[in-house]
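Notes for the one structure printed next.
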Amino acid sequence: MDYLSFPKAWKWQVAFFFLLYSWGWVSGQLRYSIAEESDLGTVVGNVAQDLGLKLGDINRRRLNLRSEKSSKLFIIDQKNGALTVNERIDRESLCGSSARCLLQLEVVAENPLETFSLHIEVLDINDNSPFFANSHQIIKITELVTIPGVQFPLEIAQDFDVGINSVTQYILNTNPYFSLSVTKDDDTLIAELVLEKILDREEKSEHKLVLTAIDGGEPPRSGSTQITIAVLDLNDNPPIFNQSRYKINVRENIALKSVIMKLNATDADDGINSEFTYSLDPRTSYLGKELFDINSVTGELFIKGPLDFETANSYELFIKATDKGTPKHEGRCRIQVEIEDVNDNVPEIIFTPQSNEVPENAPVGSVVGFITVKDRDSGKNSETKLEISPDLPFKCQLMSNRYTLVTSGHLDREKVSQYTITLIASDLGSPPLSSQATSLQSVIMGSHHCPLQSL
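Residue numbers for the sequence shown follow the UniProt record's numbering, so the first one is 1 and each next one is one higher.
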């Protein structure tokens, strides 16, 4: 994250994003958007207005936010219902390089108790410059025998921004010996150096180049790396992998140091020129290098760090085999690693009581509270069911994506003055995981308190 002050040019861009993307109440949910790095106090939307609350009811309803991670970023004005920025918003810290950054919160209103889904999309601004992991690259080329048209892979520039604010072009300083070839693979721009003229070491033993990556922001940002071409005096075969692309599946709970595949490259040369070592290519992402590694001699790809399907469900690894000749030749392949989900997250029960006291004359179907069940796994592992302790005058009713706890029978304070209600949530994984939560409900006489809602 660059913390330098940004040019005025993006200030109006933030305002434009805000006007364009603040959606309000859509399809039963509150949806807003806000540009990252917006000033504290910036209005995201008016929650009370979009919920249809009257101005005089706002203070009584005591609107507040609830979220596991994001509730402190925003605050609701208790006088007018405006949702404003409360803390610095850094999109890259919240969502990394994900194409979309969507924060999920809940608005809780009291008197009566209600909850509403709130989705806030954090929009990217061009606040990061492209950069290269290595400020200096060295490429060795043999004089005379390397013919024009040969291409040399270059390091891919990184940019923490996304979309148009990420890298959109590369440029190379003008010189008579080299040009630049830029291709697009999926959403990644790949630059390669193209030899235009045969090199002669006696004429010039070293060439200095500058590769610059430019993003598409307004105004654009850039980053550069120095490239040194070392021309060598007079190995003509690079190592070759069996395939240029591989795809493997790995369970997220696999043990550290487990070998997940063995690569096999060959080199048609003889002697030391046919010997080579395996390594992760610089094109492999930082996270990929933290989680995977390869034995330089055997070509065994193994687990280096713990995998988590909920964090990332796939990785792209670039592997190279480098021979020991002079100059060195390299062969490359790409491995797509798909992470398989394991049922390793228990369901989470969030119980929001309407009241901890129930009048004994409350009619059947009176609402006692709201229950939300969440599971961070995917597929069947994330599907859940909710059960309530038996033989109680209460039951759970499924409404939309949450449950409502209601009375299912008549209450008698003289027989039972307090109930302990145990909620058990289980997922449909194999084996299933479960969790439970407990609520105490007291039975009171009459109905001189605020009446409970009935379904």
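Positions of the beta carbon are idealized from the N, C-alpha and C atoms, including for glycine.
Item                                                                                                                                                                      : Value
Count the other CB atoms within 10 Å of the CB of A268; is the residue buried (16 or more) or exposed (fewer)?                                                            : exposed
Drop a sphere of 10 angstroms on the beta-carbon of P431, count the other beta-carbons inside from all chains shown, and report buried for 16 or more, exposed for fewer. : exposed
Which residues mark the beginning and the end of the alpha helix (DSSP H) in which K45 is found?                                                                          : Note on identity: in this sequence residue 45 is Gly, with Lys being the wrong assignment. Per DSSP, G45 belongs to no alpha helix (DSSP H); it is in the beta strand (DSSP E), 43-46.
In angstroms with no decimal places, state the Cα-to-Cα distance between S400 and K374.                                                                                   : 14 Å
Suppose you measure from the CA of L51 to the CA of L63; what does that come to, to the nearest Å?                                                                        : 11 Å
Grab me the residues of R61's own chain with a C-beta within less than 7 Å of its C-beta, minus the 5 sequence neighbours each way, in chain order.                       : L53, A109, E110, N111
Can you give me the start and stop residues for the beta strand (DSSP E) that E290 sits inside?                                                                           : Here E290 belongs to no beta strand (DSSP E); instead the alpha helix (DSSP H) covers 286-291.
Of the choices T277, D293, K320, E196, whose alpha-carbon is the least far from that of P148?                                                                             : E196
Does DSSP classify A437 as helix, strand or coil?                                                                                                                         : strand
Q169 to S435, Cα distance in whole Å?                                                                                                                                     : 51 Å
Just tell me which of K289, Q151, F241, R413 has its CA closest to the CA of E316.                                                                                        : K289
Assign S224 to one of three DSSP states: helix, strand, or coil.                                                                                                          : strand
Within 10 angstroms of its Cβ, does A191 collect 16 or more other Cβ (buried), or is it exposed?                                                                          : buried
So, are the CB atoms of R334 and K320 less than 7 Å apart?                                                                                                                : no
Which whole runs of the beta strand (DSSP E) in the stretch 374-419 are 3 residues long or more, in chain order?                                                          : 384-388, 394-399, 402-407
Please classify D412: is it buried, with 16 or more other beta-carbons within 10 angstroms of its beta-carbon, or exposed?                                                : exposed
Within its chain, find whatever has a CB closer than 6 Å to the CB of G325; leave out the 5 residues flanking it on each side and keep chain order.                       : N235, N273
Using a 10 Å radius around the Cβ and a threshold of 16 neighbouring Cβ atoms, would you call R251 buried or exposed?                                                     : exposed
Check Q49 in the structure and name its three-state DSSP category.                                                                                                        : helix
Which of helix, strand or coil does DSSP assign to L55?                                                                                                                   : helix
Exposed or buried, what is Y286 when buried is set at 16 or more other beta-carbons lying within 10 Å of its beta-carbon?                                                 : exposed
If you draw a straight line from the alpha carbon of D127 to that of S222, how long is it in whole angstroms?                                                             : 11 Å
Report all residues from its chain with a CB closer than 8 Å to the CB of P239; omit the five preceding and five following residues, and keep chain order.                : A265, T266, D267, F276, A321, T322, D323, H329, E330, G331
How long is the line joining the alpha carbons of S179 and L211, rounded to whole angstroms?                                                                              : 11 Å
Shortest alpha-carbon distance to P363 belongs to which of V406, T188, G41?                                                                                               : V406
Expressed to the nearest angstrom, what Euclidean distance is found between the alpha-carbon atoms of Q78 and D293?                                                       : 53 Å
According to DSSP, what are the bridge partners of D427?                                                                                                                  : T384
Can you pull the DSSP bridge partners for P353?                                                                                                                           : G369
Terminal residues of the continuous alpha helix (DSSP H) containing C95?                                                                                                  : 91-95
Helix or strand or just coil, what does DSSP make of S274?                                                                                                                : helix
Is the number of C-beta pairs between the stretch 380-396 and the stretch 423-430 that are closer than 8 Å three or more?                                                 : yes
Could you tell me which of D377, N249, Y403 sits nearest to P353, measuring between CA atoms?                                                                             : Y403
For I214, which residues of its own chain have a beta-carbon under 8 Å away from its beta-carbon, when the five flanking residues on both sides are left out?             : P130, V167, T168, Q169, Y170, I171, P220, R221, S222
Using only CA atoms, which one of G163, I34, Q151, I421 lies nearest to D186?                                                                                             : G163
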